[in-house]
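Report on the structure given below.
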Amino acid sequence: MGLSLLGALDLLGVFVFALSGATLAVSKRLDVFGVLVLGAVTALGGGLLRDVLLGATPPVALQRTSLLVTTLVAGLLAFLATPLVERLAGAVRLFDAAGLGLFVAAGTTKALDAGLGAAAAVTVGCLTGIGGGVVRDVLVGEVPVVLRREVYAVPALLGAALVVAADGQVLPRGPWAAGGAVVVFGLRMLGVWRDWHAPVAPLHRTRTR
Amino acid sequence: MGLSLLGALDLLGVFVFALSGATLAVSKRLDVFGVLVLGAVTALGGGLLRDVLLGATPPVALQRTSLLVTTLVAGLLAFLATPLVERLAGAVRLFDAAGLGLFVAAGTTKALDAGLGAAAAVTVGCLTGIGGGVVRDVLVGEVPVVLRREVYAVPALLGAALVVAADGQVLPRGPWAAGGAVVVFGLRMLGVWRDWHAPVAPLHRTRTR
Amino acid sequence: MGLSLLGALDLLGVFVFALSGATLAVSKRLDVFGVLVLGAVTALGGGLLRDVLLGATPPVALQRTSLLVTTLVAGLLAFLATPLVERLAGAVRLFDAAGLGLFVAAGTTKALDAGLGAAAAVTVGCLTGIGGGVVRDVLVGEVPVVLRREVYAVPALLGAALVVAADGQVLPRGPWAAGGAVVVFGLRMLGVWRDWHAPVAPLHRTRTR
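Protein chains in written order, with this note's numbering: chain A, 1 to 209; chain B, 1 to 209; chain C, 1 to 209.
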């Protein structure tokens with residue numbers, strides 16, 4: 001039951017990440033194929049990068065058909081019912097934060113399972129959560145929003161660091177991963193609610209003149 | 001003989017894909033190195049992505065020197081004789097469609113050989129045919145044309161789906177792959193001839209205000 | 001001692017490549033996370049591509065924590081002390097050329113060790129030296145400078161070609177790799193000093209009208 005709950009949450013994360021990519025594609029006037037591709041890339045890109053870096057090929061995204069099908073359903077929904085999806089923006093942001101938490105926790109755990117060290121596991125975990133959005137933004141010609149102003153990274157880093165730091169302490173890996181996912185989710189929603197932004201270096205004079 | 005014909009067609013596909021990338025690079029004012037790189041990336045990028053995802057490393061593109069050399073010849077031709085290449089645009093489009101067919105069929109077959117399921121094999125097949133062009137466009141700062149308006153995707157999807165659906169039916173994998181390549185080629189040329197475009201979602205009001 | 005010198009040079013190359021990425025990120029107004037990511041991607045991207053293509057996963061960049069930590073130190077420095085880093089532009093260019101030489105030589109050698117042929121080894125060597133900068137430029141929405149006008153490629157190609165051509169001649173692989181690195185470094189600095197640019201194809205009339 002725990003497993004099937006996790007599986008359902010996983011699919012929900014994929015669905016919502018795909019919605020975010022597909023909605024961006026619609027607003028950028030991509031055609032229906034572009035909308036489906038951008039949805040799939042956003043939802044599956046982070047996991048693909050993780051699996052390729054870990055040498056775990058073929059990647060999970062190519063082995064579990066349900067993941068790919070889920071992104072296509074989300075893409076079609078965004079294409080056919082854009083106004084509805086936009087009206088649900090609040091809910092989408094909530095699930096998006098949940099997806100981020102799940103992806104980061106799963107990526108960090110998989111990296112630890114593969115025998116990576118602490119810093120590398122945190123890196124792979126964050127890449128799993130954020131990589132799909134980076135590829136999404138690059139494909140539509142934008143500088144990735146996560147590198148500019150959205151506070152995705154701090155929740156992801158702290159959550160991944162918790163999973164790594166707690167590894168082997170008292171509880172097995174699974175519960176700590178769940179805890180990490182919750183931390184990511186909570187911090188991300190707090191960031192959205194308080195409109196947190198990461199600092200930018202001061203524009204210094206020799207550049208602006 | 002059948003094999004050497006296929007090998008020749010394969011090189012022709014690589015040559016023409018490289019021409020398309022290199023010609024774009026010339027029109028974007030890249031230097032000679034940029035022209036050669038863009039040609040190579042366009043021709044070999046899809047296969048590289050396929051092989052990395054399947055874990056078939058080092059990729060074929062790094063093992064068969066003839067492929068790399070072919071892209072360099074095409075790149076030099078586009079650099080030194082741009083007007084000639086542009087006058088041949090009609091022929092290039094024909095061979096480009098042929099290359100798309102071959103790449104999609106070969107990619108789908110390789111994915112089936114690697115034991116992937118139906119949806120994943122179709123995905124990998126389309127990625128093999130389209131991936132190089134996506135990387136090409138991203139490198140010159142454009143939203144990939146295949147995501148915006150060119151009907152590359154429908155022929156690729158249908159051809160790959162045919163290869164997958166027919167797998168194990170009556171004939172061995174080879175002839176069905178050839179049939180898939182022909183379907184891709186025919187539909188693509190039909191799309192070019194009739195100027196087909198994939199639909200775009202209606203711009204809806206809340207966005208334009 | 002030879003080894004520890006090489007290791008120190010390697011870290012220095014990583015440090016300076018990271019500085020270049022992080023400084024660009026600051027000038028593009030990325031937030032602190034974006035600055036650290038761009039530094040890491042610039043310094044480690046070429047090696048990541050090399051290792052993924054060679055199937056040498058997990059990549060070295062994820063196995064040696066010192067590499068990742070070095071990029072973070074460089075990124076923080078660029079973020080906190082931008083004016084200082086800019087005043088050191090001359091020194092950075094010197095070390096950047098040294099890093100290019102080391103990366104190209106190391107990448108070519110690793111490709112030869114993996115059994116690749118001559119053309120593929122040169123390709124992988126150049127990709128190791130140049131790949132990080134390409135990803136850096138794509139992430140901030142620019143056409144990679146190496147494809148447009150900077151003469152990075154010719155030194156990289158010649159240095160990699162030397163390592164490949166000399167392979168098995170008189171000396172073992174190590175000294176030739178060192179020689180290749182020196183060639184890359186020397187030619188690159190010569191190019192900077194003389195302001196060399198690679199040729200661009202003539203803009204021909206049918207395009208400009």
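No residue lacks a Cβ here, since even glycine has one placed at the ideal position from N, Cα and C. In this text the structure is predicted, and so the values were computed from the model without any measurement.
Residue range of the unbroken alpha helix (DSSP H) whose run includes residue i
i         : result
Glu86(B)  : 82-87
Arg188(C) : 173-194
Leu48(A)  : 32-54
Gly168(C) : Counting along the chain, Gly168(C) falls outside any alpha helix (DSSP H), and DSSP gives it neither H nor E.
Leu62(B)  : 60-63
Sequence-distant residues of the same chain with beta carbon closer than 7 Å to residue i, five excluded per side
i         : result
Leu187(B) : Val154, Pro155, Leu158
Val32(A)  : Phe79
Met1(C)   : Below a pLDDT of 50, predicted positions are generally treated as unreliable, and Met1(C), at 38, falls in that range; the measurement from the model is reported next regardless. So no residue of the chain qualifies.
Thr71(B)  : Val14, Ala18, Gly39, Ala40, Ala43, Leu44
Gln211(C) : Limits of chain C in this structure are 1 at one end and 209 at the other, which puts residue 211(C) out of reach.
Trp193(C) : none
Val16(A)  : Val92, Phe95, Asp96, Gly99
Val146(C) : Ile130, Gly133, Val134, Tyr152, Ala153
Gly191(B) : Val151, Pro155
Leu30(A)  : Leu38
Cutoff 8 Å; reference residue i; Cβ partners in own chain excluding five residues on either side
i         : result
Leu12(C)  : Phe95, Ala98, Gly99
Ala198(B) : Arg149, Val151, Ala153, Val154
Leu112(A) : Ala121, Val163, Val164, Asp167, Arg173
Arg205(B) : At Arg205(B), the pLDDT of 47 sits below 50, so the modelled position is not reliable; the number obtained from the coordinates is stated separately. Here the set comprises nothing.
Arg207(A) : Annotation note: pLDDT 46 at Arg207(A) (below 50); position unreliable, no value reported.
Asp115(A) : The sequence as given places Gly at residue 115(A); Asp does not occur at that position. If we look at Gly115(A) and ignore the five residues flanking it on each side, it has no Cβ neighbours.
Closer than 7 Å: residue i CB and nearest the ligand MG heavy atom
i         : result
Thr123(C) : This structure lacks the ligand MG, and indeed carries no ligand of any kind.
Same chain, Cβ closer than 6 Å to residue i, neighbours up to 5 away in sequence not counted
i         : result
Ala161(B) : Val122
Gly131(A) : Gly45, Gly46, Leu49
Pro83(B)  : none
Met189(A) : Ala97
Leu77(C)  : none
Val134(A) : Pro144
Ala118(B) : Val164
Arg209(C) : For Arg209(C), the pLDDT reaches just 33, beneath the cut-off of 50, and the residue's location in the model is therefore unreliable, although a value from the coordinates is still provided. There are no such residues.
Ala177(C) : Ala105, Thr109, Val163
Please identify, using Cβ separations under 7 Å, the residues of the stretch 35-61 of chain C that lie next to chain B, in order along the chain. Val52, Leu53, Leu54, Gly55
Does the structure place the stretch 97-117 of chain A close enough to the stretch 166-183 of chain A that three or more beta carbon pairs sit under 8 Å? yes
Taking the runs of the alpha helix (DSSP H) that are 4 residues or longer, which of them lie wholly in the stretch 120-150 of chain A? 145-148
Contacting positions in the stretch 75-100 of chain C - beta carbon closer than 7 Å to chain A: Cβ contacts with chain A: Phe79, Thr82, Pro83, Glu86.
Pull out every residue of the stretch 98-132 of chain B whose Cβ sits closer than 8 Å to any Cβ of chain C, in chain order. Answer set for the stretch 98-132 of chain B: empty.
Going along the chain, which residues of the stretch 148-176 of chain A sit with their C-beta nearer than 7 Å to a C-beta in chain C? Arg148, Arg149, Ala153
At a cut of 8 Å, does the stretch 162-173 of chain C reach the stretch 130-140 of chain C through at least three beta carbon pairs? no
Inter-stretch contact (C-beta, 8 Å, three-pair minimum) for the stretch 113-131 of chain C and the stretch 19-38 of chain C: no
Can you list the alpha helix (DSSP H) stretches of 4 or more residues lying completely in the stretch 2-28 of chain A, in chain order? 2-27
Does the structure place the stretch 51-62 of chain C close enough to the stretch 57-71 of chain B that three or more beta carbon pairs sit under 8 Å? yes
Near-chain B residues of the stretch 133-144 of chain C (beta-carbon distance less than 8 Å), N- to C-terminal order: Val134, Val138, Gly141, Glu142, Val143, Pro144
Of all the residues that make up the stretch 10-29 of chain C, which are near chain A by a beta-carbon distance shorter than 9 Å? Ala25, Val26, Ser27, Lys28, Arg29
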